[in-house]
Amino acid sequence: MMRINLNCALWIVLLVIHSCIANAETFVSLSADRYEIIKGEGITFHLVVIPDGRVGGIFVIQREIEPKRYQIVKTFLSYPSCPVCGGGRPLSEKLDRNFTFIPRYEGNYIAIASFGDSEATLNFTVLPIITSTSSTTSTTSTSTTSTSTTSTSTTSTSTTSTSTTSTSSSTT
């Protein structure tokens, strides 16, 4: 018969529990109130993170500067994976928050929330500001008639449905 040392059995149990916890996944959900906005308007993101323990992670906004090349324009959250690694504390509790971003430039953007072993991404577009112009037209006409005994002078000026008429007569 084999005898198992109690300490050895305890270590095996702890190893199995640790393996199960390490394989658990962090839940990450990212949504937005819209996916197309005009430059200068805000977009609101809703981020939910349910960590599987102590996890590191980041929530950033990136702008496309060339096809398939992005530049970080805003970092909302950044958690180190361990206290010693990044000088802060890892995320260990549920996170459920809204974040608002107002872009300065038009173009294609991507929001990335990456925590633990899970990631959520969301694409959105910033359109240029659209301005409209209007035009008006005005016309002016003048006519004059005269005879040898009687003189009549008529002047008509029209600017968007406004007219002025004057008549003068004299006898010789």
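Numbering of the sequence shown is given in our numbering, commencing with residue 3 and proceeding in unit increments.
All residues carry an ideal CB built from backbone N, CA and C; glycine is no exception.
All of these numbers come straight from a predicted model, not from anything done at the bench.
Please work out which residues of its chain come closer than 6 Å, Cβ to Cβ, to Leu79, disregarding the five sequence neighbours upstream and downstream, and give them in chain order.
Phe61
Round the Cβ separation of Pro130 and Lys76 to the nearest angstrom and send it over; I've been treating them as touching at under 8 Å.
Not quite, the Cβ-Cβ distance comes to about 20 Å (not below 8 Å), so this is no contact.
Among the residues of its own chain, which have a CB less than 7 Å from the CB of His20, if the five just before and after it don't count?
Legend: pLDDT at His20 = 42, less than 50; position of this residue unreliable, value from coordinates given subsequently. Hits under 7 Å: none found.
Can you list, in chain order, the residues of its chain whose CB lies under 6 Å from that of Ile114, leaving out five sequence neighbours each side?
Val62, Thr123
Could you check where the beta strand (DSSP E) with Asp35 kicks off and where it finishes?
Careful: Asp35 lies outside any beta strand (DSSP E) and carries neither H nor E.
I'd like to know whether the C-beta atoms of Ile39 and Ile45 end up nearer to each other than 8 Å.
yes
Once you ignore the five residues that flank Glu27 on each side, which residues in its own chain have a CB closer than 8 Å to its CB?
Asp54, Gly118, Asp119, Ser120
How about Ile112 and Tyr72: are their beta carbons less than 8 Å apart?
yes
With a floor of 3 residues, list each beta strand (DSSP E) that falls wholly inside the region 77-118, ordered by position along the chain.
97-103, 109-117
Which same chain residues end up closer than 7 Å to Glu108 when comparing Cβ atoms and leaving out the 5 residues on each side of it in sequence?
Lys41, Val128, Leu129, Pro130
Tell me where the beta strand (DSSP E) around Thr123 begins and ends.
120-129
Other residues of its chain near Arg36: CB distance less than 7 Å, five sequence neighbours each side excluded
Ile45
Let me confirm a value: Arg99 is counted as buried when at least 16 other C-beta atoms fall within 10 Å, else exposed. Which label applies?
exposed
Within 10 angstroms of the Cβ of Gly90, are there 16 or more other Cβ atoms? Answer buried if so, exposed if not.
exposed
Range of the contiguous beta strand (DSSP E) that encloses Thr133
Note, Thr133: premise wrong, no beta strand (DSSP E); not H, not E.
As a quick exercise: from Gly59, Val30, Pro85, Gln64, pick the residue whose alpha carbon is nearest that of Pro105.
Gln64
What does the Cβ neighbour count give for Pro69, buried or exposed, with the cut at 16 atoms within 10 Å?
exposed
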